[in-house]
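This report concerns only the one structure given below.
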Amino acid sequence: MTRGFTLLELVITMSVCGVVLAFAAPNFSKMIESSKMQRLATELNGFLIQARSEAVMRNEALYAHISFLEGTVNTTGSWSIVLADSDDLSTAYRIAHFDGSPYKGIKLTHTFSSQQVSFEEIRGRPKSGSFVFHPKLDSTNKIAIRTSNPPGRIRVCGVEGDRYGYKAC
1 MTRGFTLLEL
11 VITMSVCGVV
21 LAFAAPNFSK
31 MIESSKMQRL
41 ATELNGFLIQ
51 ARSEAVMRNE
61 ALYAHISFLE
71 GTVNTTGSWS
81 IVLADSDDLS
91 TAYRIAHFDG
101 SPYKGIKLTH
111 TFSSQQVSFE
121 EIRGRPKSGS
131 FVFHPKLDST
141 NKIAIRTSNP
151 PGRIRVCGVE
161 GDRYGYKAC
């Protein structure tokens with residue numbers, strides 16, 4: 001009575017595993033990409049909602065400073081958003097920081113003309129504008145985070161249809 005695998009059984013088992021992994025790998029990368037997009041939408045939306053709440057709680061105007069220019073596309077993750085109590089970041093007290101480094105491979109743009117989102121002190125209404133982002137290699141699956149003043153709403157939605165579980169804008 002022999003125990004274990006023969007060489008032939010081992011070769012067949014390894015080749016079957018290789019074929020299964022070859023088909024699973026592309027689907028796994030799409031799942032990671034989808035998860036990264038949903039996480040960015042959730043965290044950036046949460047950061048903006050926190051900024052609005054801070055402005056109301058402190059009863060002072062707050063500013064979310066964006067580290068890259070309006071209309072520029074950032075894919076390296078080398079961006080950040082800093083919430084501060086002044087429109088001049090060099091002299092401001094920094095309240096919160098949102099780092100873009102976990103989101104490498106996602107193209108991000110914004111439409112805020114002064115590289116900042118201001119939040120009113122009484123109702124916390126943000127300056128109107130939007131963040132739009134999508135995977136680097138897939139420009140059809142865009143998500144937008146739109147701020148509108150009035151009514152002061154911060155909304156996450158899919159551009160050109162439902163995307164990643166978010167309804168169309």
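Quick note, in full-length UniProt numbering, the sequence shown goes up one by one and the last residue is 169. Ideal Cβ placement from N, Cα and C applies to all residues, glycine included.
| Item | Value |
| --- | --- |
| P102 burial status per 10 Å Cβ neighbour count (16 or more: buried) | exposed |
| For L108, the three-state DSSP class (helix, strand or coil) | strand |
| Nearest candidate by alpha-carbon position, reference G158, set E120, T111 and Y166 | Y166 |
| With 16 other Cβ atoms within 10 Å as the buried cut-off, status of A51 | buried |
| Rounded C-alpha distance that separates I143 from F133 | 6 Å |
| CB of residue 224 within 9 Å of CB of L83, strictly | Nothing can be reported for residue 224: it is not among the residues displayed for the chain, which extend from 1 to 169. |
| Own chain partners of R155 with C-beta closer than 6 Å, once the 5 adjacent residues on each side are dropped | R146 |
| Under the three-state DSSP convention, the category T91 falls into | coil |
| Inter-residue Cα distance where the pair is T111 and F119 | 16 Å |
| 8 Å contact criterion, which S80 and S67 should meet: CB distance rounded | 5 Å |
| Contact between the segment 93-107 and the segment 22-42 (3+ Cβ pairs under 8 Å) | yes |
| Euclidean distance between Cα positions of L137 and F131 | 18 Å |
| Identity of the residues DSSP links to G129 by a beta bridge | T147 |
| Cβ neighbours of G77 in the same chain (closer than 8 Å, five flanking residues each side left out) | G100, S101, P102, Y103, K104, G105 and I106 |
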